[in-house]
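Numbering (this note's numbering), first residue to last: 15 to 193.
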């Protein structure tokens, strides 16, 4: 009886360890989104263009932390981060799904690191819908406004479809719907 209990316990422990390792092991992730780049605000409805967004990297689940994406993002063929930088790392917040898309580039003169911040990305749990705020880059930093900021939302074929998806993904942080 004790032997049976011992073997059952060992088998159960091995199953738990196997499932845990499978869950936290990084998984390859490549997804191409067809979406819309547009400017928010009812007075900016003419600012809209189709755009392709590609994510190519790895997703890693964590037991007691947020899951992480490490890799690259291509927006309309432009790689983010550029070749002279590392990979983008995004920590997905369990509550609202968003995190900043930031990367460091080593400048040639003196090898000083410069931190760039593209915006904030929101993905659904299935990782097949995204909304990306595009921050306005200035000498003093970057900013974005829900009143007239730039966005990329995918999948979307029109501005109204993009706004619907963005409002759904950003619901936790928005005080009023985007327009």
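Where is the CB? At the ideal position from N, CA and C, for every residue including glycine.
Considering only DSSP beta bridges, list what residue i is partnered with.
| i | result |
| --- | --- |
| residue 41 | 73 |
| residue 27 | In the DSSP output, where bridge partners are listed per residue, residue 27 has none listed. |
| residue 16 | Its beta-bridge partners do not exist; DSSP assigns none. |
| residue 93 | 88 |
| residue 104 | 83 |
| residue 46 | 68 |
| residue 62 | 52 |
| residue 157 | 150 |
Where does residue i land, buried or exposed, given buried means 16+ other C-beta within 10 angstroms?
| i | result |
| --- | --- |
| residue 22 | exposed |
| residue 174 | exposed |
| residue 29 | exposed |
| residue 91 | exposed |
| residue 24 | exposed |
| residue 77 | exposed |
| residue 20 | exposed |
| residue 188 | exposed |
| residue 59 | exposed |
| residue 136 | buried |
| residue 27 | exposed |
To the nearest whole angstrom, what separates the beta carbons of residue i and residue j, a pair I think is in contact under 8 Å?
| i | j | result |
| --- | --- | --- |
| residue 56 | residue 193 | 5 Å |
| residue 75 | residue 130 | Not confirmed; about 27 Å, so no contact. |
| residue 149 | residue 160 | Contact doesn't hold; Cβ gap of about 12 Å is too wide. |
| residue 164 | residue 53 | 5 Å |
| residue 93 | residue 73 | Incorrect: roughly 19 Å between the Cβ atoms, too far for contact. |
| residue 166 | residue 89 | 7 Å |
| residue 70 | residue 86 | 5 Å |
Check for me: the alpha helix (DSSP H) holding residue i runs from which residue to which?
| i | result |
| --- | --- |
| residue 176 | 173 to 183 |
How far does the beta strand (DSSP E) with residue i in it reach, from first residue to last?
| i | result |
| --- | --- |
| residue 146 | 144 to 148 |
| residue 166 | 164 to 168 |
Is there at least one non-hydrogen atom of the ligand NAP closer than 7 Å to the beta-carbon of residue i?
| i | result |
| --- | --- |
| residue 189 | Judged by which ligands are present, the structure shown has none, so any question about the ligand NAP falls away. |
Legend entry - Meets three-Cβ-pair contact criterion under 8 Å: the stretch 142 to 152 and the stretch 24 to 39: The stretch 142 to 152 is not in contact with the stretch 24 to 39.
Inset, instruction - Say whether the stretch 164 to 178 touches the stretch 42 to 51, bearing in mind that this needs 3 or more beta-carbon pairs closer than 8 Å, one atom from each stretch. - result: Segments in contact, yes.
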